[in-house]
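Chemist: Counting from 8, one number per residue, gives the positions in the sequence shown under the numbering used here.
C-beta: ideal position from N, C-alpha, C; glycine also.
Got a structure here, written out as structure tokens. Questions coming.
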Amino acid sequence: MTEENKYTPLKGIKVIDWTQVQSGPSCTQLLAWLGADVIKIERTGTGTGTGDPTRNELLDIKDSWSLYYLQLNANKKSLTVNIKTDEGKKIMYDLIKKADVFVENIAPGSAERNGLGWEKLHEMNPKFIYASLKGFNEGSRFENVKAFEPVAQSAGGAASATGWNEGKANVPTQSAAALGDSNSGMHLTIGILAALLQREHTGEGTFVYQSMQDAVLNLCRIKLRDQIMLDNLGALPHYAVYPNYKWGKAVPRAENTEGGQVIGWTYKAKGWETDPNAYVYIVIQNSDKSWEAIANTMGHPEWATDPRFDGWHNRQLHKEEIYPLIESYTKQYDKYELTKKLGAAGIPVGPVLDWHEIENDPDLNKDGTIITIDQGGNRGKFKTIGLPFSLSNYKPDYKRAPDLGENNKEILASLGYDPDQIEKLTEEGVISKAQGPKNPRTEVIKGE
């Protein structure tokens with residue numbers, strides 16, 4: 008252990024990870040990267056229908072687990088258990104008796120039906136923390152509805168406020184950000200860390216519940232602000248559709264507005280004709296001084312004295328006239344030049360980075376935002392997004408994701424099973440043999 012990692016945040020914390028796909032695994036991966044010992048519970052069997060479903064989804068390389076799985080399950084251990092068998096349940100209970108945290112995002116009601124509900128496990132181990140992630144809150148009329156990413160974005164108010172207000176694009180729109188999945192996992196992580204700290208004072212574990220709907224709502228809280236403002240004012244001057252929109256009961260789609268009392272918009276940069284992401288986002292702040300800085304930097308000081316743009320409210324009334332003026336300037340320079348020039352003048356600006364640029368960004372690859380993990384095998388090295396914050400005295404030791412059931416023998420031995428017993432469990436189908444990836448090279452689907 009390096010001096011830098013002498014104080015691993017979650018050293019000694021054991022986590023039983025009964026999650027799959029993205030929302031739950033994103034939570035437990037953060038815990039693993041912070042130093043917890045995370046044991047991922049996966050379905051027994053052989054072939055592509057076992058383990059976490061994402062192991063064999065969106066495949067791109069022969070005999071390799073999918074990137075979808077690898078990016079969410081690094082630094083974990085894998086144990087295959089048939090929890091429907093008596094011996095499988097015993098293994099789970101033995102693990103839970105020694106665990107600090109249990110995390111599950113299985114379909115509503117499944118944990119209880121399989122003897123793994125909060126009350127039973129809390130009685131078994133009063134000190135451990137039970138963390139549950141579901142689509143909707145307990146007691147909600149949708150409590151038993153299975154949720155996926157778009158379901159959470161829709162029920163959490165994100166989809167109705169995203170997109171455009173005219174034309175074919177005037178439909179509730181999903182964000183590319185995983186507001187329902189990884190965002191929910193991150194929120195659940197916060198709850199677990201709070202519960203671990205609380206346990207230091209109470210000596211007892213607690214039940215942490217996170218709904219995907221609530222996680223999306225938390226990131227959309229300013230839309231509730233806007234809804235209340237609309238209730239009171241009848242219009243929202245900071246929205247793109249102001250002033251000529253026919254206002255209804257609910258906030259309209261935000262289009263490309265910034266969200267606060269400023270004028271934010273996306274402008275074409277040099278090369279936009281052939282590059283769909285040759286754009287910059289510029290924010291015009293409220294003050295006349297900020298508007299004057301834009302006018303002078305772009306070589307048009309007359310904009311600062313134009314009565315149409317005098318004061319924040321006038322600029323809101325005439326923003327449709329502001330957009331082409333600014334774009335006549337931005338189209339002369341590429342997005343990186345614009346960011347440098349305008350940024351130096353104190354103007355909030357950022358390049359629209361596509362994912363090829365992000366994948367190869369020198370800063371992000373250097374500062375630990377984008378990390379490289381050596382998975383070995385046919386996959387070799389792959390990139391992913393690392394721990395999304397930094398600690399001055401700790402850096403994660405990023406390791407590969409486990410094969411299916413790779414740690415069966417190690418984990419069962421720690422529970423007191425000898426090699427003969429482990430072999431018998433395998434023969435009886437309580438656990439399954441460790442399996443590496445085995446899939447044909449996946450071809451891109453092509454139409455006729």
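Can you give the beta carbon distance from Ile-46 to Leu-123, rounded, assuming they're within the 8 Å contact cut?
Modeler: The pair is not a contact, with the Cβ atoms about 14 Å apart (cut-off 8 Å).
Chemist: Please give the ranges of any alpha helix (DSSP H) in the stretch 224-266, keeping only runs that are unbroken, at least 4 residues long and fully inside the region.
Modeler: 228-240
Chemist: Name the DSSP bridge partner or partners of Val-356?
Modeler: Answer is Ile-289.
Chemist: Check whether the Cβ atoms of Val-437 and Thr-57 lie closer than 8 Å to each other.
Modeler: No, they are not a contact pair.
Chemist: So, are the CB atoms of Trp-25 and Glu-111 less than 8 Å apart?
Modeler: yes
Chemist: Thinking C-beta only, is Ala-302 closer than 8 Å to Trp-310?
Modeler: yes
Chemist: Under a Cβ-count criterion, where at least 16 other Cβ atoms within 10 Å of its own Cβ denotes burial, should Pro-59 be classed as buried or exposed?
Modeler: In the sequence under discussion, the amino acid at residue 59 is Asp, which differs from the Pro named in the question. Buried, since its Cβ has 16 or more Cβ neighbours within 10 Å.
Chemist: Quick one: what does DSSP say Glu-456 is sitting in, helix, strand or coil?
Modeler: Nothing in the structure corresponds to residue 456, since the chain is present only between 8 and 455.
Chemist: Report buried or exposed for Trp-362, applying the criterion of at least 16 other Cβ atoms within 10 angstroms of its Cβ.
Modeler: exposed
Chemist: Could you tell me the boundaries of the beta strand (DSSP E) in which Tyr-137 lies?
Modeler: 136-141
Chemist: Roughly how many angstroms separate the alpha carbons of Lys-373 and Ser-30, rounded to a whole number?
Modeler: So the alpha carbons of these two residues sit roughly 27 Å apart.
Chemist: So, is Tyr-137 buried or exposed, given that buried needs 16 or more other C-beta atoms within 10 angstroms?
Modeler: buried
Chemist: Which of helix, strand or coil does DSSP assign to Tyr-401?
Modeler: strand
Chemist: To the nearest whole angstrom, what separates the beta carbons of Ala-106 and Val-22, a pair I think is in contact under 8 Å?
Modeler: Confirmed, Cβ separation roughly 7 Å.
Chemist: Give me the DSSP bridge partner(s) of Tyr-216.
Modeler: Ser-139
Chemist: Straight-line CA distance for Gly-459 to Thr-196?
Modeler: Any question about residue 459 goes unanswered here, given that the chain covers just 8 to 455.
Chemist: Using a Cβ-Cβ distance under 8 Å, would Asn-321 count as near chain C?
Modeler: No chain C is present in this structure, which holds just one protein chain.
Chemist: Spatial neighbours of Asn-172 within its chain, please: CB distance less than 8 Å, with the 5 preceding and 5 following residues excluded, ordered by chain position.
Modeler: Ala-247, Val-248, Tyr-252, Pro-259, Arg-260 and Glu-262
Chemist: If I measure Cβ to Cβ from Ser-335 and keep anything under 7 Å in the same chain, skipping five residues before and after, which residues do I get?
Modeler: Within the same chain, Ser-335 has no close Cβ partners at all.
Chemist: Among the residues of its own chain, which have a CB less than 6 Å from the CB of Ser-218, if the five just before and after it don't count?
Modeler: Lys-141, Phe-143 and Asn-144
Chemist: Can you tell me whether Arg-407 is buried or exposed, with buried defined as 16 or more other CB within 10 angstroms of its CB?
Modeler: buried
Chemist: Excluding five sequence neighbours on each side, which residues of the same chain lie with their C-beta closer than 7 Å to the C-beta of Ile-418?
Modeler: Ile-46, Lys-84 and Leu-86
Chemist: CA-CA distance, Ser-73 and Asn-367?
Modeler: 21 Å
Chemist: Do you know how far the Cα of Gly-271 is from the Cα of Pro-308?
Modeler: 20 Å
Chemist: Give a yes or no on whether the C-beta atoms belonging to Thr-264 and His-245 are separated by under 8 Å.
Modeler: yes
Chemist: For Leu-128 and Tyr-100, what's the separation of their Cα atoms in angstroms?
Modeler: 8 Å
Chemist: Whole angstroms is fine: what's the gap from Ile-456's alpha carbon to Ser-397's?
Modeler: Past the boundaries of the shown model lies residue 456; the chain is included only from 8 to 455, so the question cannot be answered.
Chemist: Looking at the strands, I want to know which residues DSSP matches up with Trp-25.
Modeler: Glu-111
Chemist: Could you check what DSSP says for Ser-30 in three-state terms: helix, strand or coil?
Modeler: helix
Chemist: What does DSSP give as the partner residue(s) for Lys-84 in the beta ladder?
Modeler: Ile-46
Chemist: Helix, strand or coil: which one does DSSP assign to Asp-381?
Modeler: strand
Chemist: In chain order, what residues of the same chain lie with their CB nearer than 7 Å to the CB of Glu-156, ignoring the 5 residues before and after it?
Modeler: Ala-185, Gly-187 and Asp-188
Chemist: With 16 as the cutoff for other CB atoms within 10 Å, does Lys-388 come out buried or exposed?
Modeler: exposed
Chemist: With a threshold of 16 other CB atoms inside 10 Å of the CB of Arg-322, please say whether the residue is buried or exposed.
Modeler: It counts as buried.
Chemist: Quick check on the DSSP output: what are the complete alpha helix (DSSP H) runs of length 4 or more inside the stretch 129-184, in order along the chain?
Modeler: With a minimum length of 4 residues, the continuous alpha helix (DSSP H) runs that stay inside the stretch 129-184 are 156-162.
Chemist: Pick out whichever of Phe-316, Gln-220 and Tyr-14 has its Cα sitting closest to the Cα of Asn-190.
Modeler: Comparing Cα positions, the closest option is Gln-220.
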